[in-house]
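Counting from 369, one number per residue, gives the positions in the sequence shown under the working numbering.
Here a beta-carbon is modelled for each residue, glycine too, at the ideal position from N, C-alpha and C.
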Amino acid sequence: MTMMKSHAKYHLGQVVRHRKHPFRGVVFDVDPQFANTEEWYQAIPEDSRPLKEQPFYHLLAENDQSYYVAYVSEQNLIADYSGEPVDHPDIPDMFGPFQDGTYPLHFQLN
Numbered sequence: 369m370t371m372m373k374s375h376a377k378y379h380l381g382q383v384v385r386h387r388k389h390p391f392r393g394v395v396f397d398v399d400p401q402f403a404n405t406e407e408w409y410q411a412i413p414e415d416s417r418p419l420k421e422q423p424f425y426h427l428l429a430e431n432d433q434s435y436y437v438a439y440v441s442e443q444n445l446i447a448d449y450s451g452e453p454v455d456h457p458d459i460p461d462m463f464g465p466f467q468d469g470t471y472p473l474h475f476q477l478n
């Protein structure tokens, strides 16, 4: 029996950045292990496919061109300590104002 690493390193509202790609985002949901489609997984080049048995994060992400939702493995994220807010337009729907490098969750989720 293999022990699953299900304790997520990053928390909801935390700002993170991708290790390899130039984007940042705010964590708004966490899957304890891979929970996307097999098609999505197969679309990743084989040499950079992450392990499925690790937390995966849903991010409200931004890069220089656009805003989008990203799905990223824990191994491909690092904490962002820039202190810069993320400007994704959906953030105010889910979180309160940016404070001390993180976004507080709104409790009145619809």
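- Residue environment for Gly381: buried (at least 16 other C-beta atoms within 10 angstroms of its C-beta).
- If you look at Glu430, you'll find it in the beta strand (DSSP E) that goes Phe424 to Glu430.
- Per DSSP, reduced to three states, the secondary structure at Ser441 is strand.
- The beta carbon of Asp458 sits closer than 6 Å to those of Leu428, all from its chain and outside the five residues before and after it, given in chain order.
- Each residue's CA atom was taken as its position, placing Phe391 and Ile412 some 17 Å apart.
- Between the alpha carbons of Ser416 and His389 lies a gap of roughly 12 Å.
- Within the same chain, Cβ atoms closer than 7 Å to the Cβ of Asn444 are found at His386, Arg387, Lys388 and Pro418, the five residues on either side in sequence being excluded.
- In this model, Ala447 and His379 are separated by some 10 Å (Cα to Cα).
- DSSP places Asp415 in no beta strand (DSSP E); its state is neither H nor E.
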